[in-house]
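Residue numbers (the working numbering), protein chains in the order written: chain L, 3 to 270; chain R, 82 to 557.
Using N, Cα and C, we set each Cβ at its ideal position, and we do this for glycine too.
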Ligand code: SF4
């Protein structure tokens, strides 16, 4: 039960399988829609395999490598047929790229995992680095700041790509925060295993965000964004949280993460 | 030192609540990172140097037995003696025996992490010797009866006020009766007292930053010059060093030195770099009569043989902890053993066992900042993950987490059930959150909220459901 409910691919357009990630699927479908819209703007034919679930990070990062391998096999089977696999998360894209490590002793699966890793990309870097996108058609008349999520930044070298695209958004002003490269304290299960340490880290992050005076904070990873939105919400401050793709696709007109439904994402 | 790593959770929470500690940590916070960045920017070949350093370390580890033999031969040729300590206990005994044989009373010490690791000070004091640390930071924590909280800046957790109090309490016997307030005054006060100790010392113990195999030379770096005085004034010099400290040539040592200072303190080179080879030769104006090297294994050779070999490349620069947000939040003592931060979270479980130190590899977001700055490119997050794997295999982790993971894996490989489950979850959570759009608490998810944060609610529909509907609409 893979793909196949989508439109037929046009010759010459790459077939992209969108791995939406479990967090975007459950928490923020708007991120998935934004990814589809941006990929279509970049002249890709987008498909969403119905068999996809989670990338396997919870198992991988908690030492259950056999469990991670099981999830990985499932994901590989669901996405093998595409030219590219695109993920709106640096963290999950990084996980897919790590799949070969899970099959050190199974050469058949390792080859399949390597093929998968080779064609997997995080969304924003795919748009810019692979598809050569230099600008988007969107407007967002607000002051934003940008949090560099660790896995995207360090494993995938994503730093200036989202900024380049944001610079083309009509009316948007980017104000950099201090320590934008410092971890927000999410860290998957870390945030519930060591909540006090995680809480301190996200409080520091929230302070850096608030200090910019920006009205919106953007990032490329929903895990971090949920954490940050949770803290900003607790502080009751007026900073709204969106995934960068929502702004680039021009569909950040819904409430931000953790904002009251129906609030339209306007300043609080 | 008795490990306290099992109590990491409690100790980290205490550290977060310790206001004085937080003042000290905040003051130290960006200093090292900023200085390192400046030093690295000023050296265009920094990355090439790192590659060379990795090659040097890998090559040496590959042929460690050979280079250790060469080193030991060279030491003996220069008139020194080499002692092999396979365990911490051996190392303590050897050091005590040398001091006894030398008829020593007073011992000065330069900063040595391996000394902390094997517990040299306690052993010597128990045997009746007076031991004085000569590195200012080490001296301060010796006065406070505390272990170091950082491998380069052992007293980084102390505020200026606390240090002034320590001098006030402990230096009355040296005639200090007023409270000092300025840093230079305190440095001067320590210098005065230490000067007399240097002169009275019978034995000087130092660590080693590198051991040069071709010449049998020990290299130490300091910023206070205390290392020089510790190795050259007393009658006996003892070097304590891990077996991984050996490098083939002086040139290799220089390559590593260039990285070490920049990574540690952002200096191009430390103020003092001291090379010592063997005892005083006839005609030398100074130097010890006896020169001993205690080479400590204590688990290192078994690291060499398994998945953690890369950890032995470590040159103890401290950059990983200077860039670690967890270390920055809780400081070094919470880790509960000699080595804190990312490198400590790898080393401690390997030394004291995962049962004792299982929290350490888990207390990390895997953000990768440490590996990015490590001068010898140790993949610290990968090693931490490998330790988690080992913990999982040994069934040492939390049981509910294990069950949760097993359930999740099952769920992720049954997409129909997964689709249904996530749809229900997204809908329920959105409904429960109601008009607020987020939760301020939730049964069974208390840990999330313990972090002082709300939980945003889902939008209500899963993406997969939205997408399916759209596809249907597109077709019509
Ligand atoms: S692990 Fe790397 S960064 Fe950390 S102390 Fe060792 S050499 Fe320095």
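When the Cα atoms are used, what is the spatial distance from residue 321 of chain R to residue 204 of chain R?
14 Å
Under 7 Å Cβ-Cβ, which residues of chain L neighbour residue 503 of chain R?
27, 28
Establish whether the CB of residue 201 of chain L and some CB of chain R are separated by less than 7 Å.
yes
Could you check how far apart the C-beta atoms of residue 192 of chain R and residue 221 of chain R are, in whole angstroms? I think they sit under 8 Å.
Not really, about 12 Å apart at Cβ, beyond 8 Å.
Counterpart residues of residue 463 of chain R in DSSP-defined beta bridges:
According to DSSP, residue 463 of chain R bridges with nothing at all.
Cβ of residue 396 of chain R within 6 Å of any heavy atom in the ligand SF4?
At least one heavy atom of the ligand SF4 is nearer than 6 Å to the Cβ of residue 396 of chain R, so yes.
So the candidates are L:38, L:31, L:33, L:75; which of them puts its Cα closest to the Cα of residue 18 of chain L?
L:38
Nearest-angstrom Cβ-Cβ length linking residue 456 of chain R and residue 340 of chain R, presumed shorter than 8 Å
4 Å
Please report how far the alpha carbon of residue 549 of chain R lies from the alpha carbon of residue 51 of chain L, in whole angstroms.
As the crow flies, the alpha-carbon of residue 549 of chain R is around 11 Å from that of residue 51 of chain L.
To the nearest angstrom, report how far apart residue 232 of chain L and residue 397 of chain R are at their CA atoms.
37 Å
Leaving out five residues before and five after residue 5 of chain L in sequence, what residues of the same chain have Cβ atoms less than 6 Å from its Cβ?
Only weak support is given to the placement of residue 5 of chain L: the predicted model assigns it a pLDDT of 42, under 50, and the value that follows is read from those uncertain coordinates. These residues qualify, in order along the chain: 49, 51.
Residue from R:229, R:184, R:278 whose Cα sits closest to the Cα of residue 196 of chain R:
R:229
Using a Cβ cut-off of 7 Å (strictly closer), state whether residue 182 of chain L contacts chain R.
no
Counterpart residues of residue 299 of chain R in DSSP-defined beta bridges:
BP columns for residue 299 of chain R point to R:292, R:357.
Assuming residue 14 of chain L is part of the beta strand (DSSP E), what are its boundary residues?
Boundaries for residue 14 of chain L: no beta strand (DSSP E) harbours it, and the DSSP string shows neither H nor E there.
Is the shortest distance between the beta-carbon of residue 161 of chain L and the beta-carbons of chain R less than 7 Å?
no
Buried or exposed (CB count within 10 angstroms, at least 16 for buried), residue 446 of chain R
It is buried - the Cβ of residue 446 of chain R has at least 16 other Cβ atoms within 10 Å.
Where the stretch 66-88 of chain L meets chain R: residues whose CB sits under 7 Å from a CB there:
66, 67, 69, 72, 73, 76
Selected residue, minimal CA-CA separation from residue 72 of chain L, among R:490, R:141, R:520:
With distances taken between Cα atoms, residue 72 of chain L lies closest to R:490.
Length of the line joining the Cα atoms of residue 241 of chain R and residue 307 of chain R
21 Å
Where in the stretch 65-110 of chain L do unbroken runs of the beta strand (DSSP E), each at least 3 residues long, occur, reported from the N-terminal end onward?
Fully enclosed beta strand (DSSP E) runs of 3 or longer: 86-89.
Would you say residue 473 of chain R lies against chain L (beta-carbon separation less than 7 Å)?
yes
Please confirm whether residue 282 of chain R and residue 402 of chain R have their CB atoms less than 7 Å apart.
Contact check for residue 282 of chain R against residue 402 of chain R fails: the beta carbons are separated by 7 Å or more.
Compare the C-beta of residue 164 of chain L with all C-beta atoms of chain R and state if any pair is closer than 7 Å.
no
Using the DSSP secondary-structure output, state which residues sit across from residue 172 of chain L in a beta bridge.
L:141, per the DSSP bridge assignment.
Rounded to whole angstroms, what is the Cα-Cα separation between residue 145 of chain R and residue 293 of chain R?
The straight-line gap from Cα to Cα measures roughly 12 Å.
Mapping DSSP to helix, strand and coil, what is residue 233 of chain R?
It is coil, neither helix nor strand.
Using the rule of at least 16 other Cβ atoms within 10 Å of the residue's Cβ for burial, across every protein chain shown, is residue 484 of chain R buried or exposed?
exposed
Should residue 269 of chain L be flagged as near chain R, meaning a C-beta pair shorter than 7 Å?
Annotation note: pLDDT 41 at residue 269 of chain L (below 50); position unreliable, no value reported.
Given that residue 499 of chain R touches chain L, what residues does it touch there, using C-beta distances under 7 Å?
55
My assumption, with CB atoms under 8 Å, is that residue 65 of chain L sits in contact with residue 420 of chain R. Please give the rounded CB distance.
Rounded, the Cβ-Cβ distance is 21 Å, inconsistent with contact.
What would DSSP say about residue 263 of chain L, mapped onto helix, strand or coil?
coil
Endpoints, the beta strand (DSSP E) within which residue 221 of chain R is located:
Per DSSP, residue 221 of chain R belongs to no beta strand (DSSP E); it is in the alpha helix (DSSP H), 217-224.
Consider the C-beta atom of residue 400 of chain R and the heavy atoms of the ligand SF4; say whether any pair is separated by less than 6 Å.
yes
Please confirm if residue 5 of chain L has its CB atom under 7 Å from at least one CB of chain R.
Legend: pLDDT at residue 5 of chain L = 42, less than 50; position of this residue unreliable, value from coordinates given subsequently. So, not an interface residue.
Take the Cβ of residue 101 of chain R as the centre, count every other Cβ of all protein chains shown within 10 Å, and call the residue buried at 16 or more, exposed below.
exposed
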